[in-house]
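The structure appears right after this line, and notes come after that.
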Amino acid sequence: MRLTLRSLAIRSSAPSVSLLYNTVLDSEGIYFISYDGLVNVDSFQLSGVLTYGEYQFAAWYNVNKTSMLARRVLPDGAWESIALPHTLVSEDSHNVISLGVSPEDDVLHVAMDCHSTPLYYTASSAGLASGNGSWAASSFATITNTLGTLSIGSTITYPQFVISPGDGFQFVYRTGVSGDGATQLAEYSDGVWSSIGSWTSASSTYTADNSATSSARNLYIHGFTYHDNRTYVTGTWRENNDSVSCRTWYNSAGTQVGTSATDPITVNSDGLIIDPLDANHGLMNQESQTVDSNGLIHTIISYVPGRFMQCVTDYETDRIEYGHAFHLHEWENGTFSKMEIPFFIDAVGRSQIVLDANDNAYVVMPYVCIVTASAASSWTDWTMVYNGTAQGLNVFGEITVDRARLSTGILSILYQESTTGSSSPVHVIDFELLG
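So for the sequence shown, my numbering puts the first residue at 1; every next one is plus one.
In structure tokens, the structure reads:
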């Protein structure tokens, strides 16, 4: 793996990390490569590994395709694993397991195994996420293709749970198919799910620079992040990279551009595009985002810079050979800055960005290679502070992180080892953030 720095050296005050623990969830997690990824670790999972109170939870499929859950007492208790009565339907890396906990009743929710297909969902007994009740499969409800009693259709992808202001709880998901889908929102209250509706639409006509037109699409989101009482979303319409900022939607200038269910955002909604890019650079969708203490959004995108080629001829090969991640962030006046992170990603897959309590940035690139930049430098002093390849982790590539644990100053990362076989170890590795 190359670690070549392609920019002038600068004196860095970037923060560092310290390795704390590396634990194995399962020595035989299922392993197959699909869409350049693994079903046990995809960066769009919210969440594959999740902290709630004194417990950390994780989910994966074992070598027999069985859905597995585990929990441990933080910071370093032993993992306790249980098997749910569900078997992976399709060897498709989109069919991840996502976890969430509703604060009103400490219920652990599990959404899994869907890619433009029916969702599989279950939820625990009340209080289980805080340690009340037996950690056993019998503490979970029957697995259904509905969200509790709410029918959400049969073409579901990218299930994500989020905690909303006031300890609310929501579910973000796509209906339809790639290139013709809508992003939807459901809400959980008093133990019952209800639909808020779609907040993006596949409609409107888009004309590209080469005069090609399209009449359907979907927004691939980099995240769905709350700060105070506002939701922040960045994403890719395939043709463009957009920023929109959950019932009523505004662009970064503060102009209303949509309303959930009745007037969803479209590709032609005003003032959304912050970084236009033509379709020939191997742009990755659904990367990552976060929001700093001032309510300003930070996002990561990745593609092949134009200095290497103006037209990618092989998506996988050219991203591995030339791909770089870019950091975009908002200023107080609503404008955005963009900086190339000066390291090759050496992978097809995505990177994850998180911030510490001082707004210093940590980007976990494929292979658990961690690069950081300080807020004091306006996020320009990018430095490699941990190299998972050099440390012999043997990571497949893409990872996912426990965002709920960041408030404690600990970064937990879920990854799986690379192999030529049908199973490999699934890990959680923990770092202290030294900002």
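Ideal Cβ placement from N, Cα and C applies to all residues, glycine included.
The model shown is predicted, which means the values in this text are computed figures rather than measured ones.
Exercise. For the beta strand (DSSP E) that contains I265, what are its first and last residues?
Worked result: Per DSSP, I265 belongs to no beta strand (DSSP E) and is neither H nor E.
For this session: Report the three-state DSSP secondary structure of Y315 (helix, strand or coil).
Result: Looking at Y315 - three-state DSSP - the assignment turns out to be helix.
For this session: Using the DSSP secondary-structure output, state which residues sit across from L283 in a beta bridge.
Result: Answer is none; L283 lacks a bridge partner.
Exercise. Using DSSP with H/G/I as helix, E/B as strand and the rest coil, what is E91?
Worked result: coil
For this session: Might you give, ordered along the chain, the residues of its own chain that have their beta carbon closer than 6 angstroms to the beta carbon of G349, omitting 5 neighbours on each side?
Result: P366, G397 and E398
Exercise. Can you tell me where the beta strand (DSSP E) with H109 in it begins and where it stops?
Worked result: V107 to M112
Exercise. Does DSSP put Y322 in a helix, a strand or coil?
Worked result: helix
Exercise. Whose C-alpha, out of L414, W249 and Y220, is nearest the C-alpha of M284?
Worked result: Y220
For this session: Could you check the C-alpha separation between A14 and L355 for me, to the nearest Å?
Result: Cα to Cα, the separation comes out at about 12 angstroms.
For this session: Please report how far the alpha carbon of A404 lies from the alpha carbon of V233, in whole angstroms.
Result: 18 angstroms
For this session: Helix, strand or coil for S139, going by three-state DSSP, please let me know.
Result: The answer is helix: DSSP assigns S139 an H, G or I state.
For this session: Leaving out five residues on either side along the sequence, give the residues of the same chain with a beta carbon under 8 angstroms from the beta carbon of A347.
Result: R319, I320, G323, M365, P366, Y367, G397 and E398
Problem set entry | Selection from H109, Q56 and W79 that minimises the alpha carbon distance to E187 | H109
Exercise. Going along the chain, which residues of its own chain have a beta-carbon closer than 6 angstroms to the beta-carbon of Y250, five neighbours each way excluded?
Worked result: Annotation for Y250: Q256 place their beta carbon closer than 6 angstroms to its own, counting only its chain and skipping 5 residues before and after.
Problem set entry | For S424, the three-state DSSP class (helix, strand or coil) | strand
Problem set entry | C-beta atoms of V63 and L411 nearer than 8 angstroms | no
For this session: Drop a sphere of 10 angstroms on the beta-carbon of G191, count the other beta-carbons inside from all chains shown, and report buried for 16 or more, exposed for fewer.
Result: Exposed: under 16 other Cβ atoms inside 10 Å.
Exercise. Can at least three beta-carbon pairs, one atom from the region 105–123 and one from the region 88–96, be found at a separation below 8 angstroms?
Worked result: yes
Exercise. Taking the DSSP output, what are the residues bridged to N387?
Worked result: C369
Exercise. What residue range is occupied by the uninterrupted beta strand (DSSP E) comprising N360?
Worked result: Element bounds for N360: n/a, residue is neither H nor E.
Exercise. Looking at L74 and I82, is the spacing between their C-beta atoms short of 8 angstroms?
Worked result: no
For this session: Kindly indicate which residue of N394, A137, S204 and A361 has the alpha-carbon position closest to the one of P264.
Result: S204
Exercise. Is the Cβ-Cβ distance between L84 and L50 less than 8 angstroms?
Worked result: no
Exercise. Can you find at least 3 beta carbon pairs, one from the region 122–131 and one from the region 160–180, that sit closer than 8 angstroms?
Worked result: no
For this session: Would you list the residues sitting across from S214 in a DSSP beta bridge?
Result: Partner(s): Y206.
For this session: Just the C-alpha distance for S418 and E28, rounded to the nearest angstrom, thanks.
Result: Linking S418 to E28 through their CA atoms gives a straight-line distance of about 12 angstroms.
Problem set entry | Rounded C-alpha distance that separates L406 from N360 | 12 angstroms
For this session: Enumerate in chain order the residues of its own chain whose CB-to-CB distance from F308 is below 6 angstroms, with the five nearest sequence positions on each side excluded.
Result: Y322
For this session: Measure the Cβ-Cβ separation of D42 and T400 and say whether it is below 8 angstroms.
Result: yes
Problem set entry | Proximity winner among H298, G181 and D430, relative to T335 (alpha-carbon distances) | Out of H298, G181 and D430, H298 has the C-alpha closest to the C-alpha of T335.
Problem set entry | Helix, strand or coil at S130 according to DSSP, with G and I counted as helix | helix
Problem set entry | Which of helix, strand or coil DSSP assigns to R405 | helix
Problem set entry | Span of the beta strand (DSSP E), counted from its first residue to its last, around Y35 | Run containing Y35: none; DSSP gives neither H nor E here.
Problem set entry | For V363 and S351, believed in contact at Cβ under 8 angstroms, the rounded distance | 5 angstroms
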